[in-house]
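Colleague: Per mature numbering (1 follows the signal peptide of the UniProt record, and there is no 0): the sequence shown = residues -17 to -1, 1 to 604. C-beta atoms are modelled at their ideal positions from N, C-alpha and C, and glycine is treated no differently. Remember, predicted model here, so these are calculated numbers, not experimental data. Mind having a look at this structure? Questions to follow.
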Amino acid sequence: MTFLVFIFLLSLLQAESARISSSSPIFGPRQVTGLLGGSVTVKCFYPRTSVNRHDRKYWCKESTRQCVTVISSSGYTAQDFAGRATITDFPEQGIFTIEISKLVEKDIGFYKCGIGLVNRGLSFRVKLDVSKGPNVPEEAELYYIELGGSVTINCAFGTEYGSERKYMCKMGEIGCSNVIDTYGNVNENYKGRVLLSPQELDGSFSLYMTQLRKEDSGVYLCGAGTYGEKGESKELDVHVYQETSVPQGPHVINGVIGGSVSVECHYDPRGNYTIKYWCKWRKNGCNQLITNLASMTDSYEGRIVLHDNPENGTFTVIMNQLTAGDAGYYWCMTDGDMERKSTKELKIIDGQPGLTGPKQIDAVIGTRVTIPCSYPCKYYSYQKYWCKWRNTGCQTLISAEQNQTGLVVNCDKEKRTLYLTFDQVIQADQGWYWCGVSHSGHYGETMAVFLTVNGDAIPPNTKSEDANISNTGSENSNDPQNRGGVIDNNSLPSSPEHDSSKVILSVLLPIAAVCLLLATVFVVVKFRLLKRTDLVSVGSYRTNISLSEFENSRDYGAKDNVGIHDAQETQLGGVDEFITTPGNAEDAEEPPKVKRGSKEEADIAYSTFLLQANKVAQGEA
């Protein structure tokens, strides 16, 4: 009975030790086997914190009471292992190794590799076996991955398994549960996070796991054939530790049809990464969509861009013009000394895009073009911009600050609009243009517009019929950045009715000016005529007679009365009103001229007219 109790307590202690080991950030092989007289190497992993890198590393053997140190990085070596045991630390990699040679049966037992003080620090339990046989069982391949990290596993089984089913499964209490295989079966817990590369003829294949979780730790098998029935398999021991310096970010991103999404992918800025790329996960592969080296899939032209920011260890992928087919899993990938992958799930939900405007603009060379982009009030504090899309990125043309005009934004108003204007488009302007918003250094929603430029050039003096929006650049440049203007609608017409009013006003103003000028001329002429006339009364007859009607006709070579001799004609006004005899100015003083008023002149003229008329009548009688 006492023996049974002892066995029970021992099993409890071993289970508790295993539980502690599984929760410890220190990780190593669960079991190692060496030949009698041979050697074994144990590799232990630890988080690469500053404390861990400089702390003591040790290897100890368990006994009934404690774990007795065999060797440590501080220079101690137990007498029984002197000359047979070595310990080597690789702090930059977070690994230390223990090698034991000249194995004897006495070496069989349970050991611990750890950091700090024995029995008080962090450790992992390892079982050491010594075999007499010629063959040693293959050890599990170890993978030590940080939380949220990724791993690549290579499996090879020979050409005889080239056409066999390939798979990976996880060991559990009831066998090995399938994770993924070449038949397209994927465990729901790993959907979007695991990938099996296309099958090779030589029987080799690769497995990729990303966005690893704590519960992903455990023993896996990769194999060819069917587990437990036929084929071969290889044991994989994966340990996921929690310490990580790389932010994870949201793993689920929501988008709407016709809208856009902006995804931030994180990586360690200290790593030497050569390629960053974005791919869409499939059951049998991950289709690369875009990289930081300006390569991309043709079907995504104009609707995807990648912005890399090595300083803070992020690259941002922006996708717009979303469709239902864009839903699924995507991977952020890096390639370098420390390969890293992360998974993002894109879900298409019901809703409307925040940025709205035309998706296609057709223009003729030389015309004025205005592209509108309306945004809701929720983006009132965001930065707005227009950029021209290229496969190398989207170059910002002009960024419009919300209050750059000095006007205050009123969120009670209707949707606001940002305009991109070209005075005279040229062929080089054709292409994709994006309207977008950003906030605190993070990219937000975008809207894509394709500008088509065709036709012959319009003469420079031909005015465009487009909206009259002031240009902010030189119209002779081929760069849209120098010829385009981005203007907030605080200074622009907000509706077509406003534009029509401006056109009507521009037509009526010139007409009114002409009418005013004609009226002014008429008044001036009329005034001058009235000024030279007087009211004459003869009996009951009253009329206005102009003095110009009595001007001396002789000035024009004619006679006032053909029946009268020149000497008998009366001179009216002018220089002939008084005839003077020329003489010396010293002998005679010039008599003063007598001025008559216009009324007096008119009376004399009219009296003379009546006298002459009377004489003519008498002569005829």
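1. So, at 8 Å on beta carbons, what are the nonlocal neighbours of Ile54 in its own chain, with the 5 sequence-adjacent residues on each side left out?
2. Excluding the 5 residues preceding and the 5 following Met192 in the sequence, name in chain order all residues of the same chain whose CB lies nearer than 6 Å to its CB.
3. Counting only the same chain and skipping the five closest in sequence on each side, list residues whose C-beta sits under 6 Å from that of Glu45.
4. Could you name the residues that DSSP lists as bridge partners for Asp55?
5. Just confirm the distance between the C-beta atoms of Leu219 and Val202, as a whole number of angstroms; I'd bet it's less than 8 Å.
6. Within 10 angstroms of its Cβ, does Glu156 collect 16 or more other Cβ (buried), or is it exposed?
7. Along the beta strand (DSSP E) that carries Leu125, what are the first and last residues, could you check?
8. For Gly21, name the three-state secondary structure that DSSP assigns.
9. For Gly334 and Cys356, I'd like the C-alpha separation in whole angstroms.
10. Count the other CB atoms, across all protein chains shown, that sit within 10 Å of the CB of Phe10; report buried if there are 16 or more and exposed otherwise.
11. Which one of Met302, Arg36 and Ile273 has the shortest CA to CA distance from Gly242?
12. Consult DSSP for Asn437 and reduce its assignment to one of helix, strand or coil.
13. Would you mind working out which of Asn295, Lys330 and Val300 sits nearest Ala310, comparing C-alpha positions?
14. Which residue comes first and which comes last in the beta strand (DSSP E) that contains Ser278?
15. When burial is assigned at 16 or more other CB atoms within 10 Å of the CB, is Ser282 buried or exposed?
16. For Lys361 and Asp38, what's the separation of their Cα atoms in angstroms?
17. Find out if the Cβ-Cβ distance for the pair Lys217, Glu124 is shorter than 8 Å.
18. Got a sec? Which residues, its chain only, sit under 8 Å from residue 605 by beta carbon, not counting five neighbours each side?
19. Assuming Cys288 and Cys248 make a contact with CB atoms under 8 Å, what is their CB distance in whole Å?
20. Quick one: is Ser245 buried, meaning 16 or more other Cβ sit within 10 Å of its Cβ, or exposed?
21. Rounding to the nearest angstrom, what Cα-Cα distance links Thr52 and His222 in this structure?
22. Sorted by chain position, which residues of the same chain lie with C-beta nearer than 8 Å to Asn168's C-beta, five sequence neighbours on each side aside?
23. Measure the Cβ-Cβ separation of Leu111 and Val235 and say whether it is below 8 Å.
24. Less than 8 Å separating the beta-carbons of residue 640 and Gln407?
25. Alpha carbon to alpha carbon, how far is Asp291 from Tyr416?
26. Assign Gln194 to buried or exposed, taking buried as 16 or more other Cβ atoms, counted over all protein chains shown, within 10 Å of its Cβ.
27. Under DSSP, the beta strand (DSSP E) around Tyr191 begins and ends at which residues?
28. Hey, would you say residue 628 sits closer than 8 Å to Phe28, going by beta carbons?
29. Determine the DSSP secondary structure at Thr503, reduced to helix, strand or coil.
30. Given this structure, state the Cα-to-Cα distance separating Asn270 from Leu86, to the nearest angstrom.
31. Within the same chain, show all residues whose beta-carbon is closer than 7 Å to that of Glu147, passing over the 5 residues directly before and after it, in chain order.
32. Buried or exposed, going by whether 16 or more other CB atoms sit within 10 Å of the CB of Leu403?
33. Express the C-alpha separation of Thr317 and Tyr250 in angstroms, rounding to a whole number.
34. I believe Gly77 touches Arg31 by the beta-carbon criterion, under 8 Å. Please report the beta-carbon distance rounded to the nearest angstrom.
35. For chain D, check one thing: does any of its Cβ atoms lie closer than 8 Å to the Cβ of Pro493?
36. Between the C-alpha atoms of Gln225 and Phe107, what's the straight-line distance to the nearest angstrom?
Modeller: Result, derived from the coordinates:
1. Your numbering for residue 54 matches position 71 in the sequence shown. Cβ neighbours of Ile54 beyond the five flanking positions: Tyr41, Trp42, Thr60, Ala61, Phe64, Ala68, Thr69, Ile70 and Ile81.
2. Here residue 192 corresponds to residue number 209 of the sequence shown, with the count starting at 1. Val134 and Val177.
3. Indexing the sequence shown from 1 puts residue 45 at position 62. Excluding residues within five positions, the ones whose Cβ falls inside 6 Å are Phe93.
4. For this step, residue 55 is matched to residue 72 along the sequence shown. For the record, residue 55 in the displayed sequence is Ser; it is not Asp. Looking at the DSSP assignment, Ser55 forms a beta bridge with Tyr41.
5. Here residue 219 refers to the residue found at position 236 of the sequence shown. Here residue 202 refers to the residue found at position 219 of the sequence shown. Indeed they touch by this definition, with Cβ atoms about 7 Å apart.
6. Position 173 of the sequence shown, counted from the start, is the residue given in the question as residue 156. The residue is exposed, with fewer than 16 neighbouring Cβ atoms inside 10 Å.
7. Position 142 of the sequence shown, counted from the start, is the residue given in the question as residue 125. Segment Glu124 to Glu129, the beta strand (DSSP E) holding Leu125.
8. Stepping through the sequence shown from its first residue, residue 21 is reached at position 38. Note: Gly21 maps to coil in three-state DSSP.
9. To locate residue 334, count along the sequence shown from 1; it is residue 351. To locate residue 356, count along the sequence shown from 1; it is residue 373. Near 18 Å, if we compare the C-alpha coordinates of Cys356 and Gly334.
10. On the sequence shown, residue 10 is found 27 positions in, with the first residue counted as 1. Per the 10 Å Cβ criterion, buried.
11. For the purposes of this step, residue 242 is taken as the residue at position 259 of the sequence shown. Of Met302, Arg36 and Ile273, the residue nearest in Cα terms is Met302.
12. In the sequence shown, counting from the first residue as 1, residue 437 sits at position 454. If DSSP states are grouped into helix, strand and coil, Asn437 belongs with the strands.
13. Counting from 1 along the sequence shown, the entry for residue 310 is found at position 327. Taking only the C-alpha atoms, the option nearest Ala310 is Lys330.
14. Position 295 of the sequence shown, counted from the start, is the residue given in the question as residue 278. No beta strand (DSSP E) holds Ser278; DSSP gives it neither H nor E.
15. Here residue 282 corresponds to residue number 299 of the sequence shown, with the count starting at 1. Its Cβ having fewer than 16 others within 10 Å, Ser282 is exposed.
16. Start at 1 with the first residue of the sequence shown, and residue 361 comes out as number 378. Start at 1 with the first residue of the sequence shown, and residue 38 comes out as number 55. Rounded to the nearest angstrom, the two C-alpha atoms are 52 Å apart.
17. Here residue 217 corresponds to residue number 234 of the sequence shown, with the count starting at 1. Here residue 124 corresponds to residue number 141 of the sequence shown, with the count starting at 1. Yes, the pair counts as a contact, with Cβ atoms nearer than the cut-off.
18. There is simply no residue 605 to check, as the chain begins at -17 and stops at 604 in what is shown.
19. Along the sequence shown, read from residue 1 onward, the residue named residue 288 stands at position 305. Along the sequence shown, read from residue 1 onward, the residue named residue 248 stands at position 265. The residue you asked about is not Cys; residue 288 is Val in the sequence shown. Incorrect: roughly 13 Å between the Cβ atoms, too far for contact.
20. The sequence position of residue 245 within the sequence shown is 262, counting from 1. With 16 or more Cβ atoms within 10 Å of its Cβ, Ser245 is classed as buried.
21. Here residue 52 corresponds to residue number 69 of the sequence shown, with the count starting at 1. Here residue 222 corresponds to residue number 239 of the sequence shown, with the count starting at 1. Computed Cα separation, rounded: 25 Å.
22. Looking up residue 168 in the sequence shown gives position 185. So the qualifying residues of the chain are Asn161.
23. As a position in the sequence shown, residue 111 is number 128, starting the count at 1. As a position in the sequence shown, residue 235 is number 252, starting the count at 1. Contact: no.
24. The structure shown has nothing for residue 640, since the chain only spans -17 to 604.
25. Taking the sequence shown and counting its residues from 1, one reaches residue 291 at position 308. Taking the sequence shown and counting its residues from 1, one reaches residue 416 at position 433. Distance between the alpha carbons of Asp291 and Tyr416 is about 20 Å.
26. In the sequence shown, the residue the question calls residue 194 occupies position 211. With 16 or more Cβ atoms within 10 Å of its Cβ, Gln194 is classed as buried.
27. Counting from 1 along the sequence shown, the entry for residue 191 is found at position 208. Segment Phe188 to Met192, the beta strand (DSSP E) holding Tyr191.
28. With the chain covering -17 to 604 only, the question about residue 628 has no answer from this structure.
29. By one-based count along the sequence shown, residue 503 stands at place 520. Three-state result, Thr503: helix.
30. Position 287 of the sequence shown, counting from 1, holds the residue named residue 270. Position 103 of the sequence shown, counting from 1, holds the residue named residue 86. Answer to the nearest angstrom: the Cα atoms are 50 Å apart.
31. Within the sequence shown, numbered from 1, the residue matching residue 147 stands at position 164. For Glu147, where only same-chain residues beyond five positions count, the Cβ hits under 7 Å are Ala207, Gly208 and Gly214.
32. Locating residue 403 in the sequence shown gives position 420, counting from the first residue. Buried is the call here.
33. For the purposes of this step, residue 250 is identified with residue 267 of the sequence shown, where counting begins at 1. For the purposes of this step, residue 317 is identified with residue 334 of the sequence shown, where counting begins at 1. Their backbone Cα atoms lie some 8 Å apart in a straight line.
34. The count along the sequence shown starts at 1 and reaches residue 77 at position 94. The count along the sequence shown starts at 1 and reaches residue 31 at position 48. Sure, about 4 Å apart at Cβ, within 8 Å.
35. Annotation note: the requested chain D is absent from the structure, which comprises a single protein chain.
36. The residue labelled residue 225 in the question sits at position 242 within the sequence shown. The residue labelled residue 107 in the question sits at position 124 within the sequence shown. The straight-line gap from Cα to Cα measures roughly 16 Å.
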